[in-house]
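Going by our numbering, the first residue of the sequence shown is number 41, and it counts up by one from there. The beta-carbon is built from N, C-alpha and C at its ideal position, and this holds for glycine as well.
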Amino acid sequence: MLNLNANEFTLTNHIFQTLETIAKSYGYEAVFTETFGKYNYKMDTGAVKIMAPSGDLLSLKSDPTPHATKQIAPLCDGYLKTYYKSSIVTLDHKAPIGLKESLQGGFEYYGNSGTESDAEIILLNCMVLNKLGVQNIHLDIGHIFFTAELIKSLNFSDTDLPDIEKALRKRSVESIKNLSLHQRKSLEKLLTLTGSPIEVIKKAKTLATTPTLVESLDQLESIINKIKDLDSEQITKHKIALDLCLTHPKSYYTGPLFKIYSVDTGKTVAQGGRYDDLSKQYGYEFEACGGAIDIKNIIEVIKMKNTMTTYRTNFVLIYDEELFNPALDFTNWLRKKGFSVKFNLRPKDYSIALQSDYFKSVNQILDFNDGFIKVIDQLKNETYRISPEALKSRLVSNPTSISIH
């Protein structure tokens with residue numbers, strides 16, 4: 041299950057605060073989704089099922105989007121923009137106990153079928169990543185109907201469809217036999233429909249033989265143009281590609297999709313799309329689109345690129361037992377001045393203790409002894425002795441000499 045050390049917890053809070061700041065600047069309102077919900081076999085594939093005392097079958101939250109949609113459905117009488125942060129638990133046979141817990145934060149835009157809503161959701165995810173220093177990204181945009189409609193137009197038999205879908209996921213049709221030449225050529229051409237939006241749309245139009253295929257291409261073209269219009273800082277410039285084989289593991293998506301990859305790690309850091317039919321599961325009917333960032337994968341990029349200074353305590357003050365009271369008085373004075381301080385009895389194995397993460401994550405070690413303080417400045421790599429009063433005077437006159445957090 042999910043465990044975060046102090047630095048990872050600080051990074052997680054920083055990520056959520058960044059998402060919240062951007063969300064509020066675009067008029068999004070916070071929602072908190074339920075942990076358990078009534079089990080829905082269509083929505084809760086991969087969810088942990090629990091029998092309630094009432095006898096009802098419940099599911100532990102494995103995807104915030106259905107829970108958020110269910111929650112706001114009675115309130116959505118027009119446009120509604122929300123954001124959330126959530127932990128989710130899913131079944132995972134590779135995990136030690138068969139369960140995987142993860143964190144994600146996301147945006148939901150309800151009641152708007154226009155492509156400007158898709159563009160805004162995609163851009164918001166890019167803005168969060170950019171603000172966090174995850175700037176070396178690749179943005180793929182696709183449409184779930186394009187592949188589905190094209191396969192339908194090629195008249196495959198029901199027995200062929202599972203193999204067709206598997207081959208497309210693997211991006212190879214070499215293993216598929218007994219296809220007509222027309223079917224094979226169409227699928228091979230479909231697999232090439234990834235890359236520059238202008239070139240991909242040009243190629244795709246030769247396959248767009250139905251109104252649905254044409255409409256999906258028009259939607260994608262409009263979304264890309266809207267992103268360019270909205271992106272005043274040009275953070276998506278030269279990073280957008282079309283991928284008309286793009287899929288999503290959740291079955292409720294009904295239109296445009298997007299995935300954002302970190303070029304540095306090769307992992308997905310955000311994804312989402314349009315799900316206009318999801319509200320019908322709860323007795324309502326309104327359009328919706330959304331997208332979420334993957335906290336764990338973003339932390340991995342931040343650590344790799346060192347784009348954020350991890351949390352460091354200002355001081356650790358160590359003392360001998362007989363100096364407990366004056367050492368505590370000095371510690372309380374530091375805390376009242378806004379500094380973070382660890383307060384500890386001198387370790388028995390002092391030299392060994394200094395090599396531990398507990399001490400390494402501190403800016404300065406204050407060794408309180410013999411009426412003086414031995415200061416070990418780990419950022420400046422220097423050591424000196426000073427009286428408590430002199431150190432107080434220095435901190436009062438120049439508090440920025442020690443960075444607060």
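Residue pairing for Ala244: DSSP places it in no beta bridge. Excluding sequence positions up to five before and after Ile333, its CB lies within less than 8 Å of the CB of Ile55, Leu59, Gln144, Gly145, Gly146, Asn165, Val168, Leu169, Val309 and Ala310, all in the same chain and listed in chain order. Looking at Leu374, Val402 and Ser396, the one whose alpha-carbon comes closest to that of Ser433 is Leu374. In the structure shown, the three-state DSSP call for Asp317 is coil.
In the structure shown, the three-state DSSP call for Leu219 is coil.
In this structure the region 181-193 touches the region 286-306; the number of beta carbon pairs closer than 8 Å is three or more. For Asn372, the secondary structure class from DSSP, reduced to helix, strand or coil, is helix. Inter-residue distance for Leu406 and Val88 is about 49 Å (C-alpha atoms, whole angstroms). Fully contained in the region 359-444 are the following beta strand (DSSP E) runs of length 3 or more, in chain order: 381-385, 402-409, 412-417 and 422-426. Nearest to Ile264 by alpha-carbon distance, out of His278, Leu253, Tyr390 and Ile216, is His278. About 7 Å separates the beta carbons of Val129 and Lys101, which is inside the 8 Å limit, making them a contact pair. Rounded to the nearest angstrom, the gap between the Cα atoms of Asn45 and Pro366 is 32 Å.
Inter-residue distance for Ser157 and Thr353 is about 42 Å (C-alpha atoms, whole angstroms).
For Gln175, the three-state secondary structure derived from DSSP is coil.
By the C-beta density criterion, Asp389 is exposed, having fewer than 16 other C-beta atoms within 10 angstroms. Residue state for Phe147 is assigned as strand, using DSSP reduced to three classes. Beta-bridge pairing by DSSP links Gln311 to Lys299 and Ala332.
Following the DSSP letters along the chain, one finds Asp283 inside the beta strand (DSSP E) bounded by residues Ile280 to Asp283. Between the beta-carbon of Thr109 and that of Ser319 there is about 6 Å, and that keeps the pair under the 8 Å contact cut. Taking 8 Å as the cut-off, the Cβ atoms of Tyr150 and Glu160 do not count as close. Under the three-state reduction of DSSP output, Phe185 falls in the helix class.
A direct Cα-Cα distance of roughly 16 Å separates Ala393 from Phe408. The alpha-carbon separation between Glu189 and Lys225 amounts to approximately 16 Å.
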